[in-house]
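Numbering (our numbering), first residue to last: 723 to 939. Glycine included, each C-beta is placed from N, C-alpha and C at the ideal position. Bear in mind that the values here come from a model prediction, so they are computed numbers and not experimental data.
Encoded structure:
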């Protein structure tokens, strides 16, 4: 079993390291670096992930398809609590999901944690910018989040923006509207359809401004 810590709070990070003196601890900020992209994680390895609220969703998505137990760093009090979770906690293992490659994990972590742009990640990893964008897309796709931005994995942001099911519903409505355009022409929209489209548009604007406010805090 490998233990990995993911938090922006250095004080919390240090405190957790003291609680985990019996274990060899990996710091996510030092592990998911461009120079480590060729590292191949053992498929049968178990991971104890300790992360804060902001990085919890990101780490869960990054370790999709692997055997792991995730704990909230801000709720841990002592080493006994961690030991009890290791032996009695519910470990996650989705054998049907494809695990992310190290390159995909490095790109996703760098994009969110270090807020590096794709062009910078490409330069650091010695690859093309399009390849970086592909890694971002495939990393999300392996979690069933096709076409969704990685930044939506930041804690608190997914609660603000519509989830994948809502996006699919909006896409279906748009397809229905286009089909109605072809059949009856644009002038035959009903008042209800126009109000619904306006509601969807206003909801998107509100979500956008709310997400921006969360990121600026």
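Point to revise | Integer Cβ distance of residue 821 from residue 765, believed to fall under 8 angstroms | key: Stepping through the chain shown from its first residue, residue 821 is reached at position 99. Stepping through the chain shown from its first residue, residue 765 is reached at position 43. That pair is a contact at about 7 angstroms.
**Study point:** Sequence-distant residues of the same chain with beta carbon closer than 8 angstroms to residue 741, five excluded per side
**Key:** Counted from its first residue, the chain shown places residue 741 at position 19. Cβ within range, chain order: 798, 800, 801, 804.
Check your understanding: What is the C-beta distance between residue 812 and residue 758, in whole angstroms, given that I count them as a contact (C-beta under 8 angstroms)?
Key -> Along the chain shown, read from residue 1 onward, the residue named residue 812 stands at position 90. Along the chain shown, read from residue 1 onward, the residue named residue 758 stands at position 36. Not a contact, Cβ separation roughly 29 angstroms.
Check your understanding: Is residue 730 buried or exposed, if buried means 16 or more other CB atoms sit within 10 Å of its CB?
Key -> For the purposes of this step, residue 730 is taken as the residue at position 8 of the chain shown. In the assembly as shown, residue 730 is an exposed residue. Its beta-carbon has fewer than 16 other beta-carbons within 10 Å.
Review point. When DSSP labels each residue in this structure, what does residue 860 get in the three-state scheme?
Key: Translated into positions along the chain shown, residue 860 becomes position 138. Note: residue 860 maps to helix in three-state DSSP.
Review point. With C-beta atoms as the reference, is residue 777 less than 9 angstroms away from residue 835?
Key: On the chain shown, position 55 is the one that residue 777 refers to. On the chain shown, position 113 is the one that residue 835 refers to. Taking 9 angstroms as the Cβ cut-off, residue 777 and residue 835 qualify as a contacting pair.
Review point. According to the Cβ coordinates, are residue 808 and residue 749 closer than 9 angstroms?
Key: The sequence position of residue 808 within the chain shown is 86, counting from 1. The sequence position of residue 749 within the chain shown is 27, counting from 1. No, the pair does not count as a contact, with Cβ atoms beyond the cut-off.
Review point. Is it true that the CB of residue 779 sits closer than 9 angstroms to the CB of residue 858?
Key: Taking the first residue of the chain shown as 1, we reach residue 858 at position 136. Taking the first residue of the chain shown as 1, we reach residue 779 at position 57. No, Cβ-Cβ distance for residue 858 and residue 779 is not below 9 angstroms.
Review point. So what does DSSP say about residue 786, is it helix, strand or coil?
Key: Here residue 786 refers to the residue found at position 64 when the chain shown is read from its first residue. DSSP places residue 786 in coil when its eight states are reduced to three.
Check your understanding: Considering only residues of the same chain and omitting the five flanking positions on each side of residue 908, which have a CB-CB separation below 8 angstroms?
Key -> Within the chain shown, residue 908 is the residue found at index 186, counting from 1. Residue placement at residue 908 is poorly supported in this model, since its pLDDT is 49, which falls under 50; the coordinates are not used for a value here.
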